[in-house]
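Enquirer: Everything in the sequence shown is counted per the working numbering, starting at 1 for the first residue and increasing by one. From the three backbone atoms N, C-alpha and C, an ideal C-beta is built for every residue, glycine too. Since this is a predicted model, take the numbers as computed values, not measurements.
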Amino acid sequence: MEVKMPFVVFVKRSVRFPGKHSYMIGGKSLLEIIVSKLSNIGKVYVFTKDKDIICNGCSIEFDTTNGIITDSVLAAIDKFGTFFAVAGDMPLIKPELVSKMLSQYKGSPLFPRHMDGMLEPLFGIYTEDLYNALKEYLDKGGESLHAFLLTQPLQYYDIGSDDEVNFININYKSDIEKYRDLLVQL
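1. Please list the terminal residues of the continuous beta strand (DSSP E) segment that includes L122.
2. Hey, quick one: how far does the beta strand (DSSP E) through Q104 stretch, first residue to last?
3. In angstroms with no decimal places, state the Cα-to-Cα distance between D89 and N56.
4. Name, in chain order, the residues that DSSP records as bridge partners for L110.
5. Across the segment 92 to 109 and the segment 163 to 179, are there enough close Cβ pairs to call them in contact, namely three or more that are closer than 8 Å?
6. Tell me which residues share the same chain as S103 and place their Cβ nearer than 8 Å to its Cβ, disregarding the 5 neighbours each side in the sequence.
7. Could you tell me whether the segment 153 to 162 touches the segment 3 to 23, where touching means 3 or more Cβ pairs closer than 8 Å?
8. In this structure, what does DSSP give as the bridge partners for S190?
9. Going along the chain, which residues of its own chain have a beta-carbon closer than 8 Å to the beta-carbon of K187, five neighbours each way excluded?
This is the structure we're talking about:
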């Protein structure tokens, strides 16, 4: 059975690398690279507070929350229901990994788990069932998505060393040079 759900790419204005989502790599912006990898699998929405974001061929939805990423995820659950979250600065994700995760999805929130036990809170499936618990967590002053997820019943997608490259974030302009050999393959 093929699982269909929207992809929500979270994009926030970067302080460490201003304009990173528009940075061109091989003729496409960083954001367009991510969106193009997902668009063959399902509908993709860019969820952002940045009114200046430009993305050719993207459906942009504006995040009107005033808080942190945890508030944005809550707003996205409210807006989209169950969705596959993707960080807007991970251009090395592979569609095959996304497809494997979707095939493992059984209705419960699903997140990649690294060999050290760490989760990827911005590369996984949030379900509508999490809405009330996340709202309560935020109302009580909680902030960390990772800490919140650890309190919830989840499915895990255990990732091996070969999959680690999928989770490289571009946070600084120097990361472009650091990962140049990987990025030129895009």
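Expert: Result, derived from the coordinates:
1. Counting from one through the sequence shown, the residue named residue 122 turns up at place 122. Under the DSSP assignment, L122 falls outside any beta strand (DSSP E); it carries neither an H nor an E label.
2. Reading the sequence shown from its first residue, position 104 is the one you call residue 104. Unbroken run through Q104 is the alpha helix (DSSP H), 95 to 104; no beta strand (DSSP E).
3. For the purposes of this step, residue 89 is taken as the residue at position 89 of the sequence shown. For the purposes of this step, residue 56 is taken as the residue at position 56 of the sequence shown. Those two C-alpha atoms are separated by around 16 Å.
4. Here residue 110 refers to the residue found at position 110 when the sequence shown is read from its first residue. According to DSSP, which records beta bridges pairwise, L110 is partnered with I125, Q155.
5. yes
6. On the sequence shown, residue 103 is found 103 positions in, with the first residue counted as 1. The residues are V3.
7. No: fewer than three Cβ pairs fall under 8 Å.
8. Not covered by the structure: residue 190. The range shown for the chain is 1 to 186.
9. The structure shown does not extend to residue 187, since the chain spans only 1 to 186, so no value can be given for it.
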